[in-house]
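Participant:
Chains as they are written, first to last, in the numbering used here: chain Z, 1 to 137; chain A, 1001 to 1187.
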């Protein structure tokens, strides 16, 4: 089964984010108050290692399992959607203390009230779909 | 004793960061792109959202891998909570504890303040803000910005995407405004 590997990788991801307290509301507050290095260490080390690995992968023209060149698609160019949309998400990140991944993981952790957060996020995504043509991008 | 500590103690950032990079690289190697907020778009498409917006009018079945990934993440959370966690107070900075106490936010054992994130909390104004308004802003904002922490901060920045840098700057503008300017009014 081709999909089962994604299940196990997701499982590892869920354990890592739980064990390192990245899914903690308190840790996100600590981050937005610049009181600890923890979250900056997590994101910073992930990005620095990511940059190094992707450079090595690109320079060696590594092929992925589908036989194509390993690489991630470029993001659409733009400015307003990223700053405005990003700021709206940032406000939600501070309020809920979680980005989309942690919402799911917290639900599995036993914080079932995060089911409400997930449903609200789905409603938010749906609402964006309804009004996106009226927004600056 | 040492073994127990290894199992139950929280992991440091230098263990978590590289494992997140590994997750991104494996997903890339498997021909996909790491991005968790896309699951919300996929679910909107799966329940028939395509009738209401072209954003949800796509072959969502090609994105089932992403739903399988978050299903694994949910199970990962469950396994950690059941077998690998000490459920103590987390080792939060004293300054943060001080600030949160001034806002009357509970510092309790576990990962989130129980007075905000619980069924009882849902029916209080601050709990409603934290769960319902907050969740809505996450879902709306991530789709508007075309991604969240995994898609923009991790994958996009690693891949030198300028739009992702704008998005991450946006994440912090919003987070800082909410934390420093709006929290005193909500809590």
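Don't be surprised by glycine CBs; every beta carbon is placed ideally from N, CA and C. Since the structure is predicted, the reported quantities are computational estimates derived from the model, not experimental observations.
Starting from residue 1101/A, trace the alpha helix (DSSP H) both ways and give me its first and last residue.
Facilitator: Residues 1094-1102.
Participant: Residue 130/Z bridges to which residues according to DSSP?
Facilitator: The partner list for residue 130/Z (beta bridge, DSSP) is empty, contrary to what the question assumes.
Participant: Compute the Euclidean distance between the alpha carbons of residue 1044/A and residue 81/Z, then round it to the nearest angstrom.
Facilitator: Those two C-alpha atoms are separated by around 20 Å.
Participant: Going along chain Z in order, which residues have a C-beta closer than 7 Å to the C-beta of residue 1145/A?
Facilitator: Correct list: 81, 82, 85, 86 and 89.
Participant: At a Cβ threshold of 8 Å, is residue 69/Z touching chain A?
Facilitator: Taking Cβ atoms only, chain A never reaches closer than 8 Å to residue 69/Z, which makes this a no.
Participant: Give a yes or no on whether the minimum CB-CB distance between residue 1123/A and chain Z is below 8 Å.
Facilitator: Not one chain Z Cβ lies under 8 Å of residue 1123/A.
Participant: Based on the DSSP output, what are the partners of residue 84/Z in its beta bridges?
Facilitator: BP columns for residue 84/Z are empty, so no partner.
Participant: Based on DSSP bridge pairs, tell me the residues matched to residue 63/Z.
Facilitator: Beta-bridge pairing links residue 63/Z to 69/Z.
Participant: Given residue 5/Z, which residues of its chain have a CB within under 8 Å of its CB, disregarding the five upstream and five downstream residues?
Facilitator: Once the five neighbours on either side are set aside, residue 5/Z has no close Cβ partner at all.
Participant: For residue 1178/A and residue 1042/A, what's the separation of their Cα atoms in angstroms?
Facilitator: Cα to Cα, the separation comes out at about 28 Å.
Participant: Which one of 1063/A, 1109/A, 1141/A and 1159/A has the shortest CA to CA distance from residue 1032/A?
Facilitator: Of the listed residues, the one whose Cα sits closest to residue 1032/A is 1063/A.
Participant: With a threshold of 8 Å between beta-carbons, can residue 1048/A be considered close to chain Z, or not?
Facilitator: No, residue 1048/A does not count as interfacial toward chain Z.
Participant: Listing by chain order, which chain A residues have their CB less than 8 Å from the CB of residue 64/Z?
Facilitator: The contacting residues are 1028, 1029, 1030 and 1031.
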